[in-house]
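Student:
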Amino acid sequence: MKQSSRQTRNRRLAGWLSLWVVGMFGFGYALVPLYNIFCEITGLNGKSATLSEASAAPLEVDKSRVVTVEFAVNVSGIPWQVDRPETVRLRVHPGEPVTVRYSAHSLTDSLTAGQAIPSISPARAARHFRKTECFCFTRQELQARESRMMPVTFVVDPALPDEVKTITLSYAVYPAPDVKLTSS
Amino acid sequence: MTSTVADHHHDEVPKGITRWLFTTNHKDIGTLYLWFAFIMFLVGGAMSLIIRTELFQPGLQVVDPHFFNQMTTVHALVMVFGAVMPGFVGFANWMIPMMIGAPDMALPRLNNWSFWLLPPAALLLIISLFVPGGGPAAGWTLYPPLSSQGGMGVDFTIFTVHLLGMSSILGSINIIATILNMRAPGMTLMKMPLFVWTWLITAFLLLAAIPVFAGAVTMLLTDRHFGTAFFDPAGGGDPVLFQHIFWFFGHPEVYILILPAFGIISQVIPTFSRKPLFGYTSMVFASVGIAFLSFIVWAHHMYTVGMPLSGELFFMYATMLIAIPTGVKIFNWLATMWRGSMTFETPMLYAIACVALFTVGGLTGLTMSITPADFQYHDTYYIVAHFHYTIFAGSVLGMLAGVYYWLPKWTGHMYDETLGKWHFWLTVIGFNITFFPQHFLGLAGMPRRIPDYALQFADFNQVSTIGAFIMGFAQLILLVVVVKAIRGGKEASSEVWENPEGLEWTVPSPPPYHTFATPPQVR
Ligand code: HEM
Ligand SMILES: [Cu+2]
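Chains L and E, in that order, are what the protein sequence lines are. Under the numbering used here, the first residue of the first sequence is numbered 1030, with each subsequent residue one higher. Under the numbering used here, the first residue of the second sequence is numbered 37, with each subsequent residue one higher.
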């Protein structure tokens, strides 16, 4: 075989394989949105879907059924005290909108910003726990020593599987990552 | 099977340090890789002895816990990425061109680059141990949030991974191009020696898995310094996502570590059984099958993260399936030995130990693939026992079989058989003393990656540490054996062994600097 033609073939193959490598690098990144979509569809990891307007349409209230909703919160890495609602466990009917208030209190003398990340358990309830209003939708800023009530409005979808009797809504509050404060 | 002439024209070997810096010769580069791997093997081994010394007794005696965690992390990284992977690339460089009748690798200059990326990478990793905050301490799996919190050492590690990954990718491209384009006339794919086959498959696995890993650590890097939040829940990310991406790479990686060893012992066992390999075709297909399956089983490392039942079941059944092609291989090796006229030179001893002990690792793997059972085994010493039976007994013993098998070919001298046997027995006995008790420790509940432990684990840990020192120091015998064979010894013939198969045995020992400048005709 001629030396030069072999060399071209080698280079061409190396080129194709390099393209494939770049593609696999991209695939690694593509796993991120794929994973999030997968978790949202299945409600895995307690990711409850943020509500679109359409699905926020009023649901029929199922008076015959009662579900216990529990509230929890923990704070890490930010000098805030966040308290869960007065009623730690609430008995609600599926389909009925409910509002509860967490309260946050800044323990420092400067402006701070935090972000609350919700999580629902059990995981299979996540899809059926719909928040229509939540302080977790945006990041929250507290002025020095400020206290504030933080409301969350939710509705438990009547399609919730029968065997789920208790749902826990838990927030983890972190410093808002690397964002510039809007006011100072 | 083959008829060839080795040609000896203009066999000038360049001299001095520049020979090694600028070499594009596959044999030189193979030698560089093998020495690099051996040095890393000793460095990683020293780290493991620090780990075992601390674990000799309960309580904290020798190192502080943070340093202990750095040792478990860096030991694993050095062994996987510094010793085993480069070691096999060294074999590929030396043997593949000679086995398929090619004059050199397809892209010789790229080949030089693939090697010379390694020493800086290793240096970065070692330096990381001395920067403020110390080296990486989150385990070789680099799980966040621990790895997003560590100091500068973690960034060093990330760059190390980038460099090593680049090296593996370039090496793989070269190997694929060599195997697909450079075979001698008549050397059809299904006539290739099994070592060449397993490396072809490994190279494809590397090209699919390493870029994903590079992506994962890049995300880690941007999470740490550039405000992204892939794995940071505060910004809407998820640490479990890292585990998925990591193991999507990580499980194929373990087959990257074992397939070339399977290839080597598939060369060694027929030679010393004086029979052709049993079930060549099924060996090829089993390797391809293992490679495909390896991409759909990753979450068996994550049974406890809270997957849905259907996920747990899928990954459980898929993992169990891997045992089938693996079993095919084991039975083929046994059938090759069956009624062969076996002799037990050092390479054969290593190959037999590799098959026998790898089977133990495969069996523990099977028990861990059972989801409910794995809830008990996960993150205990049982896992540590499992992966040392697969990686040390499988990959490393396989590699040692290859070293003894081809050392006379590489150096032109027979190695010292007595020393070889000492090396073998001390290694294998030391290995079992070290790792067999770890099964019991794990079943009794001793977690992995801890510097201190409850009193009831003391006895088995002491036994294990004693074994580790036997095994560790035995590796110095290998150094002696290799240096002796390079310096001199009984001249080796071209064939070295009794009627071995393969083109590499048709050239003199040591082979001239350039072999197969005119391709041999394979019938
Ligand atoms: C019969 C084939 C195998 C099966 C069924 C199997 C199964 C498993 C399972 C289920 C785990 C996860 C255990 C846990 O973390 O709870 C595991 C871990 C591991 N396996 Fe295997 N395995 C097999 C072969 C191999 C081979 C060939 C290698 C490498 C050469 C290997 C290397 C590892 C390593 C390094 C880990 C631990 C990773 C870590 O957490 O650090 N395994 N294996
Ligand atoms: Cu695995």
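Positions of the beta carbon are idealized from the N, C-alpha and C atoms, including for glycine.
How far does the beta strand (DSSP E) with Asp1112(L) in it extend, from its first residue to its last?
Tutor: Counting along the chain, the beta strand (DSSP E) containing Asp1112(L) begins and ends at 1109-1112.
Student: In chain E, which residues lie less than 9 Å from Val1181(L) when you measure between Cβ atoms?
Tutor: The contacting residues do not exist; Val1181(L) stays about 17 Å from chain E at best.
Student: Which same chain residues, not among the five before or five after Ala1043(L), have their C-beta less than 6 Å away from its C-beta?
Tutor: Once the five neighbours on either side are set aside, Ala1043(L) has no close Cβ partner at all.
Student: Below 7 Å between beta carbons is the criterion; list the residues of the segment 201-228 of chain E that meet it against any residue of chain L, in chain order.
Tutor: Flagged, chain order: Ile205, Ile209, Ile212, Ala213, Leu216, Asn217.
Student: Which term fits Phe411(E), buried or exposed, when burial requires 16 or more other beta carbons within 10 angstroms of its beta carbon?
Tutor: Under this definition Phe411(E) is an exposed residue.
Student: Taking CB distances under 8 Å as the criterion, tell me whether Leu236(E) reaches chain L.
Tutor: For Leu236(E), the answer is no, since every Cβ of chain L falls outside 8 Å of its Cβ.
Student: Give the residues of chain E in contact with Gln1144(L), contact being defined as C-beta atoms less than 7 Å apart.
Tutor: Residues of chain E passing the Cβ test: Ala270.
Student: Just checking: is the beta-carbon of Leu514(E) within a distance shorter than 8 Å of some beta-carbon in chain L?
Tutor: For Leu514(E), the answer is no, since every Cβ of chain L falls outside 8 Å of its Cβ.
Student: Find the nearest neighbour of Leu293(E) within the set Arg484(E), Leu433(E), Leu345(E), judged by alpha-carbon distance.
Tutor: Nearest of Arg484(E), Leu433(E), Leu345(E) to Leu293(E), Cα basis: Leu433(E).
Student: Give me the pocket residues for ligand 1, defined as CB within less than 6 Å of any heavy atom, sorted by chain position.
Tutor: Those satisfying the condition are, in chain order, Thr177(E), Val290(E), Leu293(E), Ile294(E), His336(E), His337(E), Thr355(E), Ile358(E), Ala359(E), Thr362(E), Gly398(E), Gly401(E), Leu402(E), Met404(E), Ser405(E), Asp410(E), Tyr413(E), His414(E), Ile419(E), His422(E), Phe423(E), Thr426(E), Ile427(E), Gly430(E), Ser431(E).
Student: Can a CB atom of chain E be found closer than 8 Å to the CB of Met1178(L)?
Tutor: It does not: the Cβ of Met1178(L) has no partner Cβ on chain E nearer than 8 Å.
Student: Using a Cβ-Cβ distance cut-off of 8 Å, determine whether Asn1103(L) contacts chain E.
Tutor: False, the Cβ-Cβ gap to chain E never drops below 8 Å.
Student: Note down, in chain order, every chain E residue with its Cβ under 9 Å from the Cβ of Tyr1131(L).
Tutor: Neighbours of Tyr1131(L) on chain E: none; closest Cβ ~17 Å, over 9 Å.
Student: So the alpha helix (DSSP H) Ala1201(L) belongs to, where does it begin and stop?
Tutor: Run containing Ala1201(L): none in the alpha helix (DSSP H); it sits in the beta strand (DSSP E), 1195-1204.
Student: Run through chain L and tell me which residues come within less than 7 Å of Ile281(E), C-beta to C-beta.
Tutor: Under the 7 Å cutoff, chain L gives Gly1057, Leu1060.
Student: Round the Cβ separation of Val519(E) and Leu455(E) to the nearest angstrom and send it over; I've been treating them as touching at under 8 Å.
Tutor: Contact doesn't hold; Cβ gap of about 11 Å is too wide.
Student: On the CB-based measure, 16 or more other CB atoms within 10 Å of its CB, does Glu90(E) come out buried or exposed?
Tutor: Buried: at least 16 other Cβ atoms inside 10 Å.
Student: Leaving out five residues on either side along the sequence, give the residues of the same chain with a beta carbon under 8 Å from the beta carbon of Leu146(E).
Tutor: So the qualifying residues of the chain are Leu206, Ile209, Asn210.
Student: Give me the Cα-Cα distance between Gln1172(L) and Val253(E), rounded to the nearest whole angstrom.
Tutor: So the alpha carbons of these two residues sit roughly 37 Å apart.
Student: Start and end of the beta strand (DSSP E) containing Lys1160(L)?
Tutor: Run containing Lys1160(L): 1158-1163, per the beta strand (DSSP E) assignment.
Student: Name the DSSP bridge partner or partners of Arg1118(L)?
Tutor: For Arg1118(L), which the question treats as bridged, DSSP gives the partners Glu1099(L).
Student: On the criterion of 16 or more Cβ atoms from any shown chain inside 10 Å, does Glu1082(L) qualify as buried, or is it exposed?
Tutor: Residue placement at Glu1082(L) is flagged as unreliable, the pLDDT there being 41, under the threshold of 50; the coordinate-derived value follows with that caveat. Exposed, by the Cβ-count rule.
Student: Could you give the distance in angstroms between the alpha-carbon of Thr501(E) and the alpha-carbon of Phe467(E)?
Tutor: Their backbone Cα atoms lie some 10 Å apart in a straight line.
Student: Hey, could you find the ends of the alpha helix (DSSP H) Pro133(E) is sitting in?
Tutor: Start and end: 121-136.
Student: Taking 8 Å as the threshold (beta carbon to beta carbon), is Trp1049(L) in contact with chain E?
Tutor: Trp1049(L) counts as touching chain E.
Student: Within 10 angstroms of the Cβ of His102(E), are there 16 or more other Cβ atoms? Answer buried if so, exposed if not.
Tutor: Exposed, since its Cβ has fewer than 16 Cβ neighbours within 10 Å.
Student: Report yes or no: is there a C-beta of chain A within less than 8 Å of the C-beta of Gly342(E)?
Tutor: As a matter of chain content, chain A is missing from the structure shown, whose protein chains are L and E.
Student: Using DSSP with H/G/I as helix, E/B as strand and the rest coil, what is Pro172(E)?
Tutor: Three-state result, Pro172(E): coil.
Student: Helix or strand or just coil, what does DSSP make of Pro1187(L)?
Tutor: Correct three-state label for Pro1187(L): coil.
Student: Please report whether the beta-carbon of Val248(E) lies at a distance below 8 Å from any beta-carbon of chain L.
Tutor: Closer than 8 Å: yes.
Student: Taking the CB atoms as reference points, tell me whether Thr1161(L) and Ala1101(L) lie closer together than 8 Å.
Tutor: Their beta carbons are not under 8 Å apart, which means Thr1161(L) does not touch Ala1101(L) by this criterion.
Student: Please confirm whether Lys445(E) and Ala528(E) have their CB atoms less than 8 Å apart.
Tutor: A contact, by the Cβ cut-off of 8 Å.
Student: Assuming the contact rule is C-beta atoms closer than 8 Å, Ser164(E) and Ser203(E) should be a hit. Round their C-beta distance to whole Å, please.
Tutor: In fact, because the Cβ distance is near 18 Å, the residues do not count as touching under 8 Å.
Student: Ala1152(L) versus chain E: which residues are under 8 Å apart at the beta carbon?
Tutor: Per Cβ cutoff of 8 Å: Gly342, Pro344.
Student: Secondary structure at Pro1147(L), three-state DSSP: helix, strand or coil?
Tutor: Of the three classes helix, strand and coil, the one that applies to Pro1147(L) here is strand, per DSSP.
Student: Leaving out the 5 sequence neighbours to the left and right, which residues in its chain are closer than 8 Å to Gly347(E) when beta-carbon positions are compared?
Tutor: Cβ neighbours of Gly347(E) beyond the five flanking positions: Ala335.
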